[in-house]
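Reminder that position 2 of the sequence shown reads as 310 in the working numbering, one-by-one numbering, no gaps.
We put the CB at the ideal spot given by N, CA and C, even for glycine.
A short write-up of the structure that comes next.
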Amino acid sequence: MAKFVIAGKANCPHYAKAELLGDYLQRNLPNFTIDKWSIEGK
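See the structure below:
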């Protein structure tokens, strides 16, 4: 089993794209789950 971590600042466009990809994979793969950790940007 592999574990992927998506972490980043909430206002980062790269984090937003990675989050969208994670949501897509979770909807389309049967055993894929995602945990998102966002950090409030200053």
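Below 8 Å between beta carbons: does that hold for Ile347 and Ala318? Here residue 347 refers to the residue found at position 39 when the sequence shown is read from its first residue. Here residue 318 refers to the residue found at position 10 when the sequence shown is read from its first residue. Yes, the Cβ-Cβ distance between Ile347 and Ala318 is below 8 Å.
Using a Cβ-Cβ cutoff of less than 7 Å, which residues in the same chain neighbour Ala315 once the five nearest sequence positions on both sides are dropped? As a working mapping, residue 315 is identified with position 7 in the sequence shown. Cβ neighbours of Ala315 beyond the five flanking positions: Trp345.
In terms of residues, what are the limits of the beta strand (DSSP E) holding Ala315? Stepping through the sequence shown from its first residue, residue 315 is reached at position 7. Per DSSP, Ala315 belongs to the beta strand (DSSP E) from 314 to 317.
Per DSSP, Ile347 forms a beta bridge with which residues? Position 39 of the sequence shown holds residue 347. Answer is Lys317, bridged to Ile347.
In whole angstroms, what is the alpha-carbon distance linking Val313 and Glu327? Looking up residue 313 in the sequence shown gives position 5. Looking up residue 327 in the sequence shown gives position 19. For Val313 and Glu327, the distance between alpha carbons rounds to 10 Å.
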